[in-house]
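Novice:
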Amino acid sequence: MSMRFDASRRASLQMLLAMGALRPALAAASAEPAAAPVLKVVATFSILADMVREVGGPAVEVSALVGPNADAHVYEPTPADVRRVARADLVVANGLRFEGWIDRLIASSGYRGKVVVASAGIVPLQLGGGADPHAWQSMVNGQRYAQTLRGALLAAAPQRSAEINAQAAGYLARMAALEQDTRSRIAALPESRRRVITSHDAFGYFAAAYGVRFIAPRGWTTGSEPSAETVARIVRQARETQASALLVENISDPRLIERIAREAHLKVGGQLYSDALSAPGTAADTYIHLFEHNVRTLVEAMTPAGNEHTH
Amino acid sequence: MNALLAPSAAVAVPPAAPLISVEDLTVSYRQHPAVHHVTCLFEPGSLTAVVGPNGAGKSSLLDALSGRVKPSTGRVQLGGLPRQGLGYLPQQSGIDRSFPLGVLDVVMLGAWPQLGWLRGATPAQRDAALGALAAVGLAGFESRLISELSVGQFQRVLFARVLMQNAPVILLDEPFNAIDTRTTADLMRLVQHWHTEGRTVIAVLHDLAQVREHFPHTLLLARECVAHGPTAEALAPQHLRRAQQMAEQWDENADWCAASAARSS
Amino acid sequence: MTLHELLIQPFVEFGFMRRALVACVALGLSCGPIGTLLVLRRMSLVGDAIAHALLPGAALAFVMFGYSLWAMSVGGFVAAVAVAGLAGLVARLTPQREDASFAAFYLIALAGGVMIISMRGSSVDLMRVLFGTVLAVDDASLLLIAGIASVSLLVLAVVYRPLVVECFDPGFLRHLGHAGAWVHGLFLMLLVLNLVGGFQALGTLMAVGLMMLPATAARFWAAEVWSLAAVAALIAVLSGWGGLLLSYHANLPSGPAIVMLAGSFYVLSLLLGSRDSLLARQRSQRTHRKA
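Protein chains in written order, with my numbering: chain A, 1 to 311; chain B, 312 to 576; chain C, 577 to 867.
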């Protein structure tokens with residue numbers, strides 16, 4: 001992996017290296033260490049941005065193109081975004097065709113630096129006709145993402161390797177613990193309970209990794225009044241698959257959800273986050289929080305009523 | 312059309328009609344009087360026509376007599392007669408003739424004080440209603456809808472309702488308005504029958520020839536009482552002239568009546 | 577598909593279909609007579625007016641208690657009662673006609689509601705909370721509707737006579753000294769109760785639709801008040817049952833399906849009814865009796 005800096009940066013780096021040689025001498029004269037430059041990273045969406053922040057720590061200054069609660073599929077770059085990419089030291093993308101607009105954006109910005117593909121090396125699952133890009137829904141993949149990012153940051157800012165390695169190590173440890181915990185909690189539920197009906201289609205990796213079955217409600221229309229046939233279909237589907245819970249979101253009438261849940265003996269679950277973080281200070285404002293929230297919501301939904309206990 | 316039959320014996324004899332006393336009666340709308348300080352007496356069993364120019368307050372007098380309207384001054388004494396002792400024939404204009412009701416239902420309303428809200432009609436009451444219909448020449452019409460009737464036929468139905476009410480005092484508000492002569496003649500016979508039964512009948516009318524022919528007493532009203540007494544005297548030319556002179560329009564510049572302040576009750 | 581599978585089986589298999597059917601039947605039975613009387617009193621557009629009259633009450637409740645379904649429903653009901661009561665009173669005591677006074681008061685209420693909401697600075701669609709859908713009828717709503725229907729039918733049976741007379745010849749009752757006014761007031765309260773209950777459980781379209789369409793269609797089949805009411809109730813119940821089946825078999829949204837079916841009954845009645853329909857008029861032109 002070669003890096004290319006523009007001329008001015010190369011010059012300043014050479015100056016720094018030169019100064020590094022004088023350091024011991026300077027250290028005698030002044031007690032302050034030299035300030036290392038911060039790496040400007042642009043991540044394509046909020047989840048990646050959060051991971052880069054965690055892995056890079058103070059060594060990086062990260063911004064996301066698609067912010068919290070925003071939809072990467074309908075994103076349209078603004079001129080400010082184009083400028084940010086142009087001035088970035090590093091661009092991080094998910095890959096697996098999650099960002100259909102990234103190639104054009106890079107081209108138009110004139111950015112000639114490295115584009116890190118966070119999902120590199122991961123064998124994708126299928127979704128519809130192509131690859132399922134939501135690889136981060138499995139914490140094992142999350143750890144792979146973190147490792148890939150660490151490698152990229154180290155290559156881009158080797159002088160800060162100590163910090164980066166320390167940050168990454170801590171982050172990876174937390175992720176490993178979360179992975180363990182998730183596995184054990186879900187395994188504690190009998191397989192017959194691990195079925196939920198949800199209109200989210202982004203949980204393929206979660207399903208595969210932890211043994212939860214996500215069932216898409218057939219023929220569900222969003223927004224206004226559903227027909228009796230639609231409701232009947234979902235109830236029948238729930239009965240046939242013996243699903244435990246219903247986590248459908250864009251329904252305007254909560255009473256209808258309640259009715260369906262009663263009829264089909266489903267628990268009504270909370271909200272799941274899939275493609276973006278939520279606003280800072282809310283339940284899913286970091287990747288770790290997002291994952292914890294989803295696991296908590298799913299486990300509670302799948303736990304039989306009366307058996308709930310706080311975690 | 313059947314000949315007029317006498318009402319059946321199933322109708323009970325009414326209680327004796329009382330003396331009706333009107334004392335200093337004023338009925339006003341928007342501070343203009345329709346009836347202005349009228350005082351008169353209606354003897355029990357009398358048959359009186361109330362006549363006068365348009366706007367003379369004739370209907371308002373009936374309204375005050377029946378208690379539909381509150382007087383501004385004075386009062387009406389009915390000698391202890393209960394509300395249901397007053398039979399009332401309204402003008403058709405206040406009634407929704409297209410309403411989906413049957414003829415018999417409307418006639419049965421006359422027995423409202425006995426039926427109330429919930430009670431069903433007894434066979435005797437039903438017979439009385441059929442008899443009333445026969446008396447007004449509408450035998451066989453009981454299952455028709457009122458929306459299918461002509462104006463004359465509907466007027467007969469209203470008369471039949473009054474018959475059902477079997478009241479000692481009967482008020483008729485323009486009973487022969489826009490009715491054909493045949494119906495008018497039939498119904499006039501009914502009115503006279505009431506008179507022979509001893510009921511007090513007070514009728515607002517326009518046709519002076521009819522009044523002269525059938526009504527022994529007349530009250531000539533032109534907001535104030537112009538004349539009241541036997542018809543021939545009350546309808547003397549000088550009285551008629553005085554009544555005509557009364558302005559039909561309300562006078563916006565008329566002085567406030569001093570008597571109203573002093574005697575309002 | 578057998579007839580049983582077509583007409584009965586969906587209700588056997590699914591609880592939500594059964595509940596929806598019960599709600600339609602209950603509402604249809606009480607709305608039949610009430611709708612008939614509304615049509616006779618020329619108050620046919622009042623249903624929609626009342627739907628809007630709910631707003632200031634719901635808005636005030638929102639301001640005071642936040643997003644609470646019960647507070648807002650009660651607030652809406654009180655506001656609707658106030659509008660109906662004031663309109664009725666004004667029509668009684670002044671020469672103003674009832675449809676005009678209704679229009680005046682519901683518009684005042686609507687404007688007041690919008691003002692309260694905008695002063696609060698929130699653009700949240702409050703009314704959504706107050707209006708349900710027939711497929712989502714839960715136990716509480718079902719009890720509410722069944723209760724309202726029972727009470728309405730009972731009260732109507734008792735005040736039927738004075739109510740009808742009050743419509744037909746208002747002077748008559750007045751002359752007898754009976755206060756026809758408060759019977760009419762009672763009728764207005766029943767109207768608001770049925771409408772608000774209907775809104776809560778079934779939504780505005782369905783509640784007003786089931787109240788007015790069968791009543792207007794009945795005109796072409798029946799001649800007297802009581803038979804009009806009975807035909808209206810029957811048409812309402814059939815529309816509910818048929819509409820639910822349409823929603824089930826043809827994948828149509830439930831509320832509109834039921835109301836459209838009621839509307840089709842209306843058009844059919846208009847064209848082919850046994851009394852004064854276009855077909856009946858055609859026929860009566862051609863032949864007549866001798867006397």
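Beta carbons are placed, not taken as given, at the ideal position from N, Cα and C, and that holds for glycine.
1) Less than 6 Å between C-beta atoms, sequence neighbours within five positions excluded: which residues of the same chain meet that for residue 30/A?
2) Considering only the beta carbon of each residue, do residue 711/C and residue 193/A sit closer than 8 Å?
3) Just checking, does the segment 71-78 of chain A make contact with the segment 96-112 of chain A on the three C-beta pairs under 8 Å criterion?
4) In chain order, what residues of the same chain lie with their CB nearer than 7 Å to the CB of residue 85/A, ignoring the 5 residues before and after it?
5) Do you know how far the Cα of residue 239/A is from the Cα of residue 263/A?
6) Taking just the CA atoms, how far does residue 762/C sit from residue 665/C?
7) Could you name the residues that DSSP lists as bridge partners for residue 62/A?
8) Does the beta carbon of residue 370/B come closer than 8 Å to any beta carbon on chain C?
9) Report yes or no: is there a C-beta of chain C within less than 8 Å of the C-beta of residue 513/B?
10) Residues of the segment 725-754 of chain C in Cβ contact with chain B at a cutoff of 9 Å, in chain order, please.
11) Would DSSP call residue 568/B helix, strand or coil?
12) Pull up the distance between the alpha-carbon of residue 798/C and that of residue 603/C, whole angstroms please.
13) Tell me where the alpha helix (DSSP H) around residue 287/A begins and ends.
14) Hey, would you say the C-beta of residue 761/C is under 7 Å away from at least one heavy atom of the ligand HEM?
15) Quick one: does residue 261/A have its CB under 8 Å from some CB of chain F?
16) If we ignore side chains and look at the alpha-carbon of each, how far apart do residue 695/C and residue 636/C end up?
17) DSSP three-state call for residue 163/A: helix, strand or coil?
18) Quick check: residue 370/B and residue 497/B, are their CB atoms within less than 8 Å of each other?
19) Throw me the rounded Cβ distance for the residue 51/A and residue 291/A pair, which I believe falls under 8 Å.
20) Return the chain-ordered list of same chain residues with a C-beta closer than 8 Å to the C-beta of residue 297/A, the five sequence neighbours on each side being excluded.
21) Excluding the 5 residues preceding and the 5 following residue 587/C in the sequence, name in chain order all residues of the same chain whose CB lies nearer than 7 Å to its CB.
22) Could you tell me the alpha carbon to alpha carbon distance between residue 868/C and residue 539/B, rounded to whole angstroms?
23) Quickly, what does DSSP pair residue 332/B with across the bridge? List them, please.
24) Pairing CB atoms from the segment 609-622 of chain C with CB atoms from the segment 759-775 of chain C, are three or more of them under 8 Å?
25) Give a yes or no on whether the C-beta atoms belonging to residue 432/B and residue 474/B are separated by under 8 Å.
26) Thinking C-beta only, is residue 153/A closer than 8 Å to residue 59/A?
27) Going along chain A, which residues have a C-beta under 7 Å from residue 590/C?
28) Can you check whether the C-beta of residue 217/A is within less than 8 Å of a C-beta belonging to chain C?
29) Could you tell me the boundaries of the beta strand (DSSP E) in which residue 540/B lies?
30) Does any CB atom of chain C fall closer than 8 Å to the CB of residue 228/A?
31) Tell me whether residue 294/A is buried or exposed, calling it buried when 16 or more other Cβ atoms sit within 10 Å of its Cβ.
32) Please classify residue 55/A as buried or exposed, where buried requires at least 16 other C-beta atoms within 10 Å of its C-beta.
33) Please compile the residues from chain B whose C-beta is within a distance smaller than 7 Å of the C-beta of residue 616/C.
34) Select from the segment 178-189 of chain A all residues with a C-beta closer than 9 Å to any C-beta belonging to chain C, and list them in chain order.
35) Tell me whether residue 742/C is buried or exposed, calling it buried when 16 or more other Cβ atoms sit within 10 Å of its Cβ.
36) When the Cα of residue 767/C is compared with those of 812/C, 792/C, 668/C and 659/C, which residue comes out closest?
Specialist: Taking the geometry as given:
1) Locating residue 30/A in the first sequence gives position 30, where the first residue counts as 1. Note that residue 30/A has pLDDT 49, beneath the 50 cutoff, so the model's placement of it is unreliable and no number is given.
2) Locating residue 711/C in the third sequence gives position 135, where the first residue counts as 1. Locating residue 193/A in the first sequence gives position 193, where the first residue counts as 1. Result no, Cβ atoms of residue 711/C and residue 193/A do not sit closer than 8 Å.
3) yes
4) Here the question's residue 85/A lines up with position 85 in the first sequence. Same-chain partners within the cutoff: 42, 91, 105, 106, 109 and 111.
5) Reading the first sequence from its first residue, position 263 is the one you call residue 263/A. Reading the first sequence from its first residue, position 239 is the one you call residue 239/A. Taking the straight line from one Cα to the other gives about 9 Å.
6) Along the third sequence, read from residue 1 onward, the residue named residue 665/C stands at position 89. Along the third sequence, read from residue 1 onward, the residue named residue 762/C stands at position 186. Each residue's alpha carbon lies about 12 Å from the other.
7) If you number the first sequence from 1, residue 62/A lands on position 62. Residue 62/A pairs with 41/A.
8) The count along the second sequence starts at 1 and reaches residue 370/B at position 59. For residue 370/B, the answer is no, since every Cβ of chain C falls outside 8 Å of its Cβ.
9) Stepping through the second sequence from its first residue, residue 513/B is reached at position 202. No, residue 513/B lies away from the interface with chain C (no Cβ there is under 8 Å from its Cβ).
10) 733, 734, 735, 736, 737, 738, 740, 741, 743, 744, 745, 746, 747, 748, 749, 750, 751, 752, 753 and 754
11) Residue 568/B sits at position 257 when you count from the first residue of the second sequence. Coil at residue 568/B, not helix or strand.
12) Working through the third sequence from its first residue, we reach residue 798/C at position 222. Working through the third sequence from its first residue, we reach residue 603/C at position 27. Using only the alpha carbons, I get a separation of about 21 Å.
13) Along the first sequence, read from residue 1 onward, the residue named residue 287/A stands at position 287. 287-302 is the extent of the alpha helix (DSSP H) around residue 287/A.
14) Among the components of this structure there are no ligands whatsoever, and the ligand HEM is therefore not found.
15) The chain labelled as chain F is not found among the protein chains of the depicted structure, namely A, B and C.
16) As a first step, residue 695/C must be located in the third sequence, where it is residue number 119. As a first step, residue 636/C must be located in the third sequence, where it is residue number 60. Approximately 11 Å between the Cα atoms of the pair.
17) Taking the first residue of the first sequence as position 1, residue 163/A is located at position 163. Note: residue 163/A maps to helix in three-state DSSP.
18) Against the second sequence, residue 370/B aligns to sequence position 59. Against the second sequence, residue 497/B aligns to sequence position 186. Not a contact, by the Cβ cut-off of 8 Å.
19) For this step, residue 51/A is matched to residue 51 along the first sequence. For this step, residue 291/A is matched to residue 291 along the first sequence. Their Cβ separation, rounded to whole angstroms, is 11 Å, which puts residue 51/A and residue 291/A out of contact at 8 Å.
20) Position 297 of the first sequence, counted from the start, is the residue given in the question as residue 297/A. Here the set comprises 247, 269, 270, 271 and 272.
21) Within the third sequence, numbered from 1, the residue matching residue 587/C stands at position 11. So the list reads 593, 594 and 597, once near-sequence residues are dropped.
22) What is shown of chain C runs 577 to 867, which leaves residue 868/C out entirely.
23) In the second sequence, residue 332/B corresponds to position 21, counting from 1. According to the DSSP secondary-structure assignment, residue 332/B is paired through a beta bridge with 352/B and 388/B.
24) yes
25) One-based indexing of the second sequence puts residue 432/B at position 121. One-based indexing of the second sequence puts residue 474/B at position 163. Their beta carbons are not under 8 Å apart, which means residue 432/B does not touch residue 474/B by this criterion.
26) As a working note, residue 59/A is residue 59 in the first sequence. As a working note, residue 153/A is residue 153 in the first sequence. Yes, Cβ-Cβ distance for residue 59/A and residue 153/A is below 8 Å.
27) For the purposes of this step, residue 590/C is taken as residue 14 along the third sequence, with counting starting at 1. The answer, in chain order, is 232, 235 and 263.
28) Numbered from its first residue, the first sequence carries residue 217/A at position 217. No, its Cβ sits nowhere closer than 8 Å to a Cβ of chain C.
29) Within the second sequence, residue 540/B is the residue found at index 229, counting from 1. Unbroken beta strand (DSSP E) run through residue 540/B: 535-541.
30) Locating residue 228/A in the first sequence gives position 228, where the first residue counts as 1. Chain C, which has a Cβ nearer than 8 Å to the Cβ of residue 228/A, makes this yes.
31) Counted from its first residue, the first sequence places residue 294/A at position 294. Counting the other Cβ atoms within 10 Å of the Cβ of residue 294/A gives 16 or more, which makes it buried.
32) In the first sequence, residue 55/A corresponds to position 55, counting from 1. Residue 55/A sits buried, since 16 or more C-beta atoms from the chains shown fall within 10 Å of its C-beta.
33) Locating residue 616/C in the third sequence gives position 40, counting from the first residue. Correct list: 410.
34) none
35) Working through the third sequence from its first residue, we reach residue 742/C at position 166. Burial call: buried.
36) Numbered from its first residue, the third sequence carries residue 767/C at position 191. Among 812/C, 792/C, 668/C and 659/C, the Cα nearest to that of residue 767/C is on 659/C.
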